Every structure is written in structure tokens, then in C-alpha cells.
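First to last, the sequence lines map onto chains A and B.
Mapped onto this note's numbering, the consecutive letters of the first sequence carry residue numbers 17 to 131.
Mapped onto this note's numbering, the consecutive letters of the second sequence carry residue numbers 2 to 112.
Let me begin by presenting the structure, written as C-alpha cells, before commenting on it.
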Amino acid sequence: EAGVAQSPRYKIIEKRQSVAFWCNPISGHATLYWYQQILGQGPKLLIQFQNNGVVDDSQLPKDRFSAERLKGVDSTLKIQPAKLEDSAVYLCASSSIRDRTDTQYFGPGTRLTVL
Amino acid sequence: GDSVTQMEGPVTLSEEAFLTINCTYTATGYPSLFWYVQYPGEGLQLLLKATKADDKGSNKGFEATYRKETTSFHLEKGSVQVSDSAVYFCALKTGGFKTIFGAGTRLFVKA
């Protein structure tokens with residue numbers, strides 16, 4: 017079974033530029049998560065989708081971050097414009113609604129550096 | 002609000018030493034508790050989990066027991082190996098939708 021795929025793996029941009037990340041979850045997983053992991057901290061949930069609907073986006077900075085999951089499969093996370101404090105690893109995870117404990121399966125992450 | 006507190010790292014041990022990484026939590030309701038591990042250069046992966054009080058999760062020689070009375074979920078292993086060097090994250094998930102992670106504890110195991 018293929019795992020969660022993310023691209024790109026690394027991205028370096030200047031502040032005020034835009035950037036987009038892509039995630040393809042495990043096949044059949046209805047729930048998809050985007051996390052931000054700042055160096056030395058645990059992952060922080062940005063947004064959670066179930067199929068193509070948003071379940072929780074309470075910690076997403078909506079003035080600059082947006083995410084979509086068209087067709088309920090893959091997803092993109094965009095930052096526009098980027099700030100220095102957005103430097104972090106962006107993790108995508110997915111889980112199956114048939115798993116009552118909601119175990120999440122993580123992708124390798126995208127490391128973003130904002131200069 | 003809900004939160005997870007882990008012992009600060011790094012933790013440095015010699016091979017075959019006993020490992021404990023402390024984790025305590027604050028949550029409304031009855032959360033599920035998890036330990037995730039991040040090996041160098043790899044993504045986070047589930048190590049073990051427990052869904053109710055007094056449950057013991059175990060995997061790869063690691064164990065953790067869900068202690069409701071002390072709101073703890075400490076990770077233990079009787080004899081660590083160099084290959085256990087990684088960052089360990091304690092996490093909880095309540096009846097709501099959000100999973101909350103601790104800050105992580107880095108473990109170095111010396112040969």
C-alpha cells in the first residue's frame with residue numbers, strides 16, 4: 017500500500033512570495049490533515065478535511081493560508097504572501113474513518129524556508 | 002484547553018539502558034493517547050496507542066500505560082538500541098476532531 021505522498025520535499029522562497037504544497041493521501045482515506053511543525057515543536061494542526069469538506073480550520077491563518085481538497089482526494093496548501101515565521105515543515109497526514117482510534121499516517125513533509 | 006507535556010530532551014543513553022520518557026496530559030473527556038516516532042530523515046509514524054484507562058499500548062519493545070488517575074502516558078523500553086535514536090511525540094485525541102501533540106523528546110542512544 018502506498019503511503020502519503022507530498023511534494024515538493026524542500027522549498028526556499030523570499031518573504032512576500034507565494035508557495036503551494038501538494039499532498040496525496042493513502043487510497044481510501046477520507047480524512048486529510050495539514051500540520052505545521054516549527055523546529056523544536058510538535059506538529060500543530062492547520063486544517064482537517066473529511067472528504068472534500070472542512071472539519072476544523074480554527075488554527076489556519078486565513079489571511080495568508082488557504083487549502084483545498086477538490087474531489088475529496090488530493091489536497092493543496094497555499095501560503096500567500098509568506099512571512100519569515102512561516103519557515104517550518106508542513107506535514108500532511110491521512111486516516112480512515114473505519115479506524116475508530118483515528119490513527120494518522122504521515123507523509124515525509126515539505127521543509128519551507130522563507131528568507 | 003487540551004494539552005500535552007513531555008519531558009524535555011535530548012535524552013542520551015547507552016545501548017541496553019532502560020528508557021522512560023514522561024508524558025502528562027490535560028483533557029476534557031476521555032482522550033485516546035498515542036506515541037508517534039520520527040526517525041532521522043523519515044516522517045512521523047505511530048508507535049503505539051491506548052484508547053481507555055488502564056490500557057497498555059506496546060510495539061517494538063516499547064510500552065505505555067494509560068493512567069487516568071495521574072493523567073500520564075509514559076513511554077518505556079527495557080533495553081534501548083542505537084536504532085531507537087529518534088524524536089518521540091506524545092499526542093492525544095479527544096472526542097473532538099483535533100489531535101494535539103507534545104513538543105517531542107529527542108533520544109540519542111550510544112553504542
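Virtual Cβ for every residue (Gly too), placed ideally from N, Cα, C.
Keep in mind the model is a prediction, meaning the values are calculated, not measured.
Using beta-carbon distances, A/Leu107 counts as an interface residue toward chain B, with a partner under 8 Å. The segment 41-58 of chain A makes no contact with the segment 11-26 of chain B, as fewer than three CB pairs between them are under 8 Å.
Close to A/Val71, with beta-carbon spacing below 8 Å, are these residues of chain B in chain order: Phe98. Contacts with chain B at 8 Å (Cβ-Cβ) include A/Gly125.
Interface residue (Cβ-Cβ distance to chain A less than 8 Å): B/Gly62 is not classified as such.
Residues of chain A with a Cβ closer than 8 Å to the Cβ of B/Phe90 are, in chain order, Gly58 and Pro59. For B/Gly58, the pairing in a beta bridge is given by DSSP as B/Ala65.
Annotated as distal: A/Gln53 and A/Leu93, with beta-carbon spacing of 8 Å or more. The straight-line gap separating the alpha-carbon atoms of A/Leu86 and A/Val71 is approximately 14 Å.
Proximity of chain A to B/Ala104 at the Cβ level (cut-off 8 Å) is accounted for by Gly56, Gln57 and Gly58, in chain order. From the listed residues B/Phe35, B/Asp56 and B/Gly62, the smallest Cα separation to B/Lys50 is found for B/Phe35.
Excluding its 5 nearest sequence neighbours in each direction, A/Ile28 has C-beta neighbours in its own chain below 7 Å: Thr129 and Leu131, listed in chain order.
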